[in-house]
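Step one of this worksheet: look at the structure below.
Chains as they are written, first to last, in our numbering: chain Z, 1 to 318; chain C, 1001 to 1290; chain U, 2001 to 2326.
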């Protein structure tokens, strides 16, 4: 039984909407509103949802790029939220993130060599000649060469930049990698290369992934378990295959039906209306205004988290 | 392992492209030329000026331009050309000192405000606002009077008046950078704030600042000349161009060259820096960034 | 078999080149195809393949240093490249409507939605304020925007992405153009909204009897919403056929590679089949067939000569020596 690497409980992140001179109540954007999940060592958990659902914020909050408003994050038994300053910085190399936009995740004024040396520099593990060899080794793992070390980010294509970003994340052998839409900005053929690379790396270095994406076909390819998010909450979580064969939550069903996959002949479920704003989520079940199975109590109470099948959880009254 | 083909190396976009852009912009070339001439004048002043700018020579006073005295002489018989050449040193000195000082203060405020945000931002920006709400020249004048008229005090006064612009500019750049993911990446690797500021923010924020500095140079010189003109900056016998205009004002009718040439020197210098600054803005901005 | 009228016919090898400091970028390098009345033609390809530039060329919106170097663009029989700018302005928005990718940057942020709609209407139909207002409201209803009278007074940033795109569509289609050019109309939108918008575009197109040139990188989208498809690579068309054929019998190695590289919901594979290498530099493309360095089926003749688009079956064209068929 693999051990739990990351455990997230009741994570909340509210962003206040500033109103300077108005006294009284401040409104909040409830980007993440009570998210709970865990990831075992070596597995890949997918986090799926559209824009505004909070999935990127979950990633940022787990890594404490944003301070959570409430909740617990436990990594390897250690309470991440309790760490301060220096302690936190010392642990950071273990949880790395690969970002969506390959064009802004590398400092344009740094050479690749400098970019890859940064992790070593920060943690004072740079040892001269040893380091150069390590850097070249890292580059070769992702399919780049020694020559590329002297180049600047703008001289590379999007796919190559992502490789460099992955390289940087791998530099200190992290245990957990949070991948935030790593291939959304890339072409299909490049995406395939990067996804294959990520899978190989996972095998070779026994990595654990939290894979965030809006693209369900990519999630299906990469993940073992999936959590579907809508407006700050997880509405369904199950093993990957099952989510696709037996989706329970109406939102998941609609999401699946809108996949534009040439091999799929699925009837489209058209959702009415727009995605509501996270500052004023609908009462009761947040999805109810757009749900085609809407019933009387859907706008009054919140549905509870129910295990409908083994390891398959849904939050819905059905 | 997915293999990646070797890239065809594009023609080095660095230097050649920059030169190409400069060439396409003839006004900038003019500006650059003026600035270069100014620097050369300052560096080689002793070699270029035919006479000692400080030597008083009463018999030769108020002589018109001639072969011996290229731009004529002033009321004390000093060669105006030589004084202008030596004056370039002072001009450069003032411009560089003021801007450097203003940059130092402004950068500090700007980074503090932009990087840390929240209350720190509010505090620093309110202080900046206070300074910005005074009309430049009046504040500079007031400070110089308070500190005592001299070039050093004039420079100090001007720097104090000038830094808010840079603070605002830097803050804007920092805010833009703060959201860029490479900053998060650095943080995610465990970098301290100081590291991020020094190694990531500074190198990425200087470009608009350089452009602004170049454009400001001209204005600084103008203000310095104005302060000297009213007697608050350079004191005699310093060959500062503004002071020279002030001295020569009374003699405009009889010796037109006296105030005119220093005035022209100021004008050409300011124009040169402005043209160069405009050109810099075009070059540094999006084109070099793919 | 009824011969459908051809609305758009690009022939004579359309070439649009960009003359840059680094060299000549051959963004569109010899493209020919046609679109019949009422048909949706999908132009598919990855970044840099030239599909957007092709659309801009049709509308003659290519900015310097780009220039259309050769070719003919026949719209309803008339060559658009021979028209004067003034005449083109009458065509744009009226006979050919364009829907862009990012509504936020295509809509003017300082004018209300209503103003922008009416502007287009007044320009092309010469109507006055009151009538234009009515028509604008009608258009907003047609694009299924709730409470049109309120939305008319809103500014673009006050609307969500999906709504903005609907407004864009309204502006593009208010004059019932014969040809709609949609350049990645839903790429910037969420998946569930995407479905709504694509349905809307399809329905409107049907109602108005227009043809459509749909530009996208998403093959899945093409499979659902297009009748015929053209695959572009590095500035040239490599395969043209109807939609069912492209998925059942793709011929060109690039097309096949592209389809295989998409992760499929129904298939489960450990590693995705990958096209090795990268998209070529359009300033210095490989000699001969531009795809040959990455092609598993490349033969000795491939670097010699660029294969033209040849008809292999009725309505199936391929640019590859291996499938040329003679």
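Even glycine gets a Cβ: it sits at the ideal position worked out from N, Cα and C.
Item to check | Stretch-stretch touch, CB-based, cutoff 8 Å, three pairs: the stretch 2001–2018 of chain U with the stretch 1107–1119 of chain C | outcome: no
Item to check | Contacting residues, own chain, Cβ-Cβ under 8 Å from residue 2161 of chain U (five flanking each side not counted) | outcome: 2103, 2104, 2188, 2189, 2190 and 2193
Item to check | Per-residue DSSP class, three states only, for residue 16 of chain Z | outcome: strand
Checklist entry - Nearest CA to the CA of residue 1108 of chain C: which residue from C:1052, C:1146 and C:1206? => result C:1206
Item to check | Outcome for residue 62 of chain Z when other beta-carbon atoms lying within 10 angstroms are tallied against a minimum of 16 | outcome: buried
Checklist entry - Among residues of its own chain, excluding the 5 on either side of residue 30 of chain Z, which ones have a beta-carbon nearer than 6 Å to its beta-carbon? => result 14, 232 and 278
Item to check | CB contact flag (residue 1151 of chain C, residue 1233 of chain C, <7 Å) | outcome: In this structure, residue 1233 of chain C lies closer than 7 Å to residue 1151 of chain C by Cβ.
Checklist entry - What is the DSSP secondary structure of residue 1069 of chain C, reduced to helix, strand or coil? => result coil
Item to check | Given residue 81 of chain Z as reference, the closest of Z:314, Z:8, Z:312 and Z:57 once Cα atoms are compared | outcome: Z:8
Checklist entry - Tell me, which residues are paired with residue 2317 of chain U by DSSP? => result Bridge partners of residue 2317 of chain U: U:2240 and U:2311.
Checklist entry - Straight-line CA distance for residue 1209 of chain C to residue 225 of chain Z? => result 49 Å
Next on the checklist: Tell me which residues share the same chain as residue 2169 of chain U and place their Cβ nearer than 6 Å to its Cβ, disregarding the 5 neighbours each side in the sequence.
Outcome noted: Apart from the 5 residues on each side of it in sequence, residue 2169 of chain U sits with its Cβ closer than 6 Å to the Cβ of 2099 and 2143 in its chain, given in chain order.
Item to check | Unbroken beta strand (DSSP E) run spanning residue 120 of chain Z, endpoints | outcome: Run containing residue 120 of chain Z: none in the beta strand (DSSP E); it sits in the alpha helix (DSSP H), 112–122.
Next on the checklist: What would DSSP say about residue 311 of chain Z, mapped onto helix, strand or coil?
Outcome noted: coil
Next on the checklist: Counting C-beta neighbours from all protein chains within 10 Å, is the total for residue 273 of chain Z 16 or more, i.e. buried, or is it exposed?
Outcome noted: By the 10 Å Cβ count, residue 273 of chain Z comes out exposed.
Next on the checklist: Let me check one thing: in DSSP terms, what residues is residue 2224 of chain U bridge-paired to?
Outcome noted: According to DSSP, which records beta bridges pairwise, residue 2224 of chain U is partnered with nothing at all.
Item to check | Under 7 Å by beta carbon: chain C residues contacting residue 123 of chain Z | outcome: 1190
Item to check | Beta carbon proximity, residue 103 of chain Z to chain C, threshold 7 Å | outcome: No, because no Cβ of chain C sits closer than 7 Å to the Cβ of residue 103 of chain Z.
Next on the checklist: If distances are taken between C-alpha atoms only, which option among U:2241, U:2020, U:2111 and U:2032 comes closest to residue 2011 of chain U?
Outcome noted: U:2032
Next on the checklist: Below 8 Å on C-beta distance, what does residue 199 of chain Z contact in chain U?
Outcome noted: 2270 and 2271
Checklist entry - By how many angstroms is the C-alpha of residue 1215 of chain C removed from the C-alpha of residue 1289 of chain C? => result For residue 1289 of chain C, the pLDDT reaches just 45, beneath the cut-off of 50, and the residue's location in the model is therefore unreliable, although a value from the coordinates is still provided. The straight-line gap from Cα to Cα measures roughly 22 Å.
Item to check | For residue 1150 of chain C, the three-state DSSP class (helix, strand or coil) | outcome: coil
Checklist entry - Which ranges does the alpha helix (DSSP H) cover as unbroken runs of at least 4 residues, wholly within the stretch 1114–1198 of chain C, from first to last along the chain? => result 1118–1132, 1136–1147, 1151–1178, 1181–1188 and 1193–1196
Item to check | residue 2273 of chain U versus residue 2248 of chain U: straight-line alpha-carbon distance, rounded | outcome: 18 Å
Checklist entry - Within 10 angstroms of its Cβ, does residue 2126 of chain U collect 16 or more other Cβ (buried), or is it exposed? => result exposed
Next on the checklist: Here's a check: name, in chain order, each residue in its chain whose Cβ is nearer than 6 Å to the Cβ of residue 2166 of chain U, leaving out the five neighbours to either side.
Outcome noted: Non-local C-beta neighbours of residue 2166 of chain U in its own chain, meaning closer than 6 Å and more than five positions away in sequence, comprise 2143 and 2145, ordered along the chain.
Item to check | Residue burial classification, residue 1154 of chain C (beta-carbon count within 10 angstroms, cutoff 16) | outcome: buried
Checklist entry - How many angstroms separate the CA atom of residue 46 of chain Z from the CA atom of residue 244 of chain Z? => result 13 Å
Item to check | Selection from Z:75, Z:84 and Z:202 that minimises the alpha carbon distance to residue 67 of chain Z | outcome: The shortest Cα separation from residue 67 of chain Z among Z:75, Z:84 and Z:202 belongs to Z:84.
Item to check | For residue 2283 of chain U and residue 2027 of chain U, the rounded distance between their alpha carbons | outcome: 9 Å
Next on the checklist: Against chain Z, does residue 2190 of chain U count as a neighbour if the rule is that its beta carbon must be under 7 Å from one of theirs?
Outcome noted: yes
Item to check | Any beta strand (DSSP E) of 3 or more consecutive residues that is wholly inside the stretch 2023–2110 of chain U | outcome: 2023–2036, 2040–2044, 2066–2075 and 2096–2099
Next on the checklist: Quick check: what's the CA-CA separation for residue 249 of chain Z versus residue 97 of chain Z?
Outcome noted: When only Cα atoms are considered, residue 249 of chain Z and residue 97 of chain Z end up about 29 Å apart.
Item to check | Residue from U:2312, U:2280 and U:2301 whose Cα sits closest to the Cα of residue 2294 of chain U | outcome: Ranking the options by Cα distance to residue 2294 of chain U, first place goes to U:2280.
Item to check | Whole-Å CB distance - residue 99 of chain Z paired with residue 165 of chain Z, under 8 Å assumed | outcome: 7 Å
Next on the checklist: Three Cβ pairs or more, each shorter than 8 Å: is that satisfied between the stretch 1130–1146 of chain C and the stretch 1089–1105 of chain C?
Outcome noted: Counting C-beta pairs closer than 8 Å gives fewer than three between the stretch 1130–1146 of chain C and the stretch 1089–1105 of chain C, which falls short of the contact rule.
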